[in-house]
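Structure, as structure tokens:
In the working numbering, the protein residues as written are 1 to 152.
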């Protein structure tokens, strides 16, 4: 969570906040969360389109850890399991495809009930499962269990 103003760069967990119910007219029934510093309305610390009040500190820390992860997997065999990433907001799809191209020993598993196409240049390093994420993961689990693979 963060302040809607924002009054400072404070970010906090919303896990303990009791969110009010929403009625049939989409109005909150009860008090909305407040900033723990100034008492103004609080909001999720999530970047939205055209969001000039987003506090990026947590996201920047996550980006740094992701960059370190990418550095550490160079030269290793990697399987990218992409679940439900469609064409409407293609950020995840693009990232999966780019990693599959850039990492020599990467393999992409794309799971999606509709948007399953992969670019031709990575088609030999990809497998598509045209189903929902839940069904695909259950099938993968059954396969691994039946193979008696010890993956720990």
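Every residue gets a Cβ at the ideal spot worked out from N, C-alpha and C, and that includes glycine. Quick caveat, the model's predicted, so the values are computed rather than measured.
Check	Outcome
Note down, one range per segment and in chain order, each beta strand (DSSP E) of at least 3 residues found wholly within the stretch 84-149.	106-111 and 126-129
How many angstroms separate the CA atom of residue 142 from the CA atom of residue 69?	29 angstroms
Measuring CA to CA, which of 116, 126 and 110 is closest to residue 104?	126
Provide the residue span of the alpha helix (DSSP H) that contains residue 68, from first to last.	57-72
Taking 8 angstroms as the threshold (C-beta atoms), are residue 4 and residue 42 in contact?	yes
Taking the alpha-carbon positions, what's the residue 136 to residue 31 distance?	41 angstroms
Could you round the C-beta distance between residue 138 and residue 109 to whole angstroms and report it? I think they count as a contact, below 8 angstroms.	Actually they do not touch by this definition, with Cβ atoms about 14 angstroms apart.
Where residue 9 and residue 48 are concerned, what is the direct C-alpha to C-alpha distance, given to the nearest angstrom?	17 angstroms
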